[in-house]
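Residue numbers (our numbering): 173 to 794.
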RNA sequence: CGGGGUGUAGCUUAGCCUGGUAGAGCGCCUGGUUUGGGACCAGGAGGUCGCAGGUUCGAAUCCUGUCGCCCCGACCA
């Protein structure tokens, strides 16, 4: 046994020896006398907290700190303590395995990027605000020989030039690359611990294909790898159709871990299998066979002094229900105004304006609206002939749902005047119908018409089919077998590893602490030694720990000179899946106790069977 | 960046309104009694009250500025 050399330890060691027979060992390795990775709690570093830090709002954030996984350095900046790092490493390893299984190849790109890689790119505008600058001058004022740098928020702008230079033939396609590493984004508002941090760990991947079919295959392979990853780490993640946002690209899925604290709404129906995030969600509110109502009468103006809201027009004396009103909104797309018509009861989903193809879209100001339509917001409408300067508009777009209104009420484009008996097809000047409204829970899903449900979720992964947006920009392509040149068809993919860590806690905890899924637990077995000063108990604990380790578990031995209550509380808090309690009381009965975290009952197992049973228990999980 | 809040010991905080020697619990150290779900007793260490100005005989407390942090909004893995 390795403990024999303990006489060489200092005075403190001898003092501790009095209460802990493991105390002379630097770590588990020495008392087993062979190579082992198990840790002794008394020698490890797990600073648990009884109370929550004041700045932690949500359960997972509190538990991250209380269980000793992380400590905050500053807003959105966290140190991963040993326990947190162990989970991160397990998540990374599983992610790596699934990515490699899908055919992707690991590499590593710099975190510091020369700014010119971004300055010419398609995303410099929208992405610039969240990038940290890393000028070599350090003060933002660079000298003539000091280039500008940024800290990488993602790596499309780096990998595309690389692949452009290194891959020139169709014979080398397809290729997918990935890396797992730190990303930097100067979030406007970091919050919820690791959930939205300034520095975070992400797996990012990029696929390059010869044509669109290949890109779809790469995309689907990646989707399968994601599903395998989330399954293996014990997360209940769902994939939803998503908006492509600033990334651009043609289609995309988000992977969500459902949780109340998520900042995304998803709409879904389990029976039909439809699921989408709110920005993208569609509904079958307007049936395919919908027939518009015939016009009910002639257009008629009526005075509405001071009435500028949907709600005011609903109230007496007007009494026009919101779903019988038309709401006309004006936006500026790439500098030119356009209008959107919705039902009064609907909300615009701004993300859906992306389908109109503008680069930059923002709401128009009243000053911009009045010269074009003829009135201020509150009395706007899209009735043919009422607009002051219709040629200034790019067009008037309408949500499909306004066809359900039939004859309704809308602004007359004169302040304080509205029109009634407005018939969609007869009276409105619509350039194009589209899907612009925000879908609500309860509406029929677009597949089978079943009611959509809504819940919140945490976005932990995102996959995009990018197309040729980036390759076109820098002319990155290859030569085919007919000596013709084509652009790479790209995809890009990301999994927030550190965010997933916290989302797992959010998804799996109780009042006592974290409940780790087996595959990612920092330690899978905790041998809770209640009497570390008792050589017989310590010997039993050591054998059980060794058996668990043989079976493939990561083992922690709680050998601290603490009272049992403290050890049990800490054990529950850090969420180790399997706890084995070894104490004098049990030993007298000839048993040790086995308890699965999250299960209510404690199992007593006979001492002489304990090693075999623990080994079997571990193997059943691995 | 807009709105709101907050800063007192390692952590959680009282005191601030109504200025007058900075208090508690947890944790930590020492001794003792305990020992199967966050023990008890006794003793002890630890705070220039975020920072800088101002008002005042006197400021944790009132005023101004500034910085950090937290929450709500837009954005994201």
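Here a beta-carbon is modelled for each residue, glycine too, at the ideal position from N, C-alpha and C. All values reported here derive from a predicted model rather than from experimental measurement.
Considering only 608, 510, 454 and 483, the residue with the shortest C-alpha distance to residue 620 is 454. Under the DSSP definition of a beta bridge, residue 286 partners with 321. Residue pairing for residue 591: DSSP places it in a beta bridge opposite 473 and 582. Burial check for residue 331: the Cβ neighbour count within 10 Å reaches 16 or more, so the residue is buried. In this structure the segment 545 to 552 lies against the segment 585 to 595, because at least three pairs of beta carbons, one per stretch, are closer than 8 Å. Taking 9 Å as the cut-off, the Cβ atoms of residue 433 and residue 628 count as close. The distance from the Cβ of residue 700 to that of residue 769 is about 12 Å, inconsistent with a contact at the 8 Å cut-off. In summary, residue 755 is buried, with 16 or more beta-carbon neighbours lying within 10 Å of its beta-carbon over all protein chains present. Contact check for residue 633 and residue 667: beta-carbon distance about 4 Å, within the 8 Å limit, so the pair qualifies. Residue 495 is a Cβ neighbour of residue 576, given a cutoff of 9 Å.
In this structure, the beta-carbon distance from residue 513 to residue 600 falls below 9 Å. Here residue 768 is bridged, per DSSP, to 750. In the displayed model, residue 438 falls within a strand according to three-state DSSP.
Secondary structure of residue 695 (DSSP, three-state): coil. Counting C-beta atoms within 10 angstroms of its own C-beta, residue 611 has 16 or more neighbours from the protein chains shown and is therefore classed as buried. Counting only runs of at least 3 residues, the segment 656 to 729 fully encloses the following beta strand (DSSP E) elements, listed from N- to C-terminal order: 657 to 659, 661 to 668 and 697 to 701. In the DSSP annotation of this structure, residue 399 is not part of any beta strand (DSSP E); the continuous alpha helix (DSSP H) holding it starts and ends at 384 to 404. No Cβ-Cβ contact shorter than 9 Å links residue 380 with residue 333.
Membership of residue 379 in the beta strand (DSSP E) is indicated by the continuous run 371 to 381. Relative to the Cα of residue 564, the nearest Cα in the group 504, 776 and 583 belongs to 504.
Straight across, the Cα-Cα distance linking residue 622 with residue 425 is about 22 Å. In this structure, residue 259 lies away from residue 251, with their beta-carbon atoms at least 9 Å apart. By the C-beta criterion, the segment 231 to 239 is judged to be in contact with the segment 674 to 690, since at least 3 inter-stretch pairs fall below 8 Å.
Per DSSP, residue 642 is one residue of the alpha helix (DSSP H) stretching across 641 to 645. Between residue 583 and residue 559 the beta-carbon gap is near 11 Å, outside 8 Å, which marks them as no contact.
Judged by beta-carbon spacing, residue 376 lies beyond the 9 Å limit of residue 395, meaning their Cβ atoms are not closer than that value.
Between residue 302 and residue 357 the beta-carbon gap is near 5 Å, inside 8 Å, which marks them as a contact.
Residue 498 counts as buried, since at least 16 other C-beta atoms from the protein chains shown sit within 10 angstroms of its C-beta. Contact check for residue 573 against residue 515 passes: the beta carbons are separated by less than 9 Å. A direct Cα-to-Cα measurement between residue 445 and residue 618 gives close to 11 Å. Per DSSP, residue 519 lies in no beta strand (DSSP E) segment and is marked neither H nor E. The beta carbon of residue 766 is closer than 6 Å to those of 752, 775 and 777 in its chain, skipping five residues each way along the sequence. When C-alpha distances from residue 523 are compared across 415, 467 and 429, the shortest belongs to 415. In terms of Cα proximity to residue 735, the closest of 704, 764 and 708 is 704.
DSSP places residue 291 in the helix class (H, G or I) of the three-state scheme. According to the DSSP assignment, residue 758 belongs to the alpha helix (DSSP H) that extends over 756 to 761.
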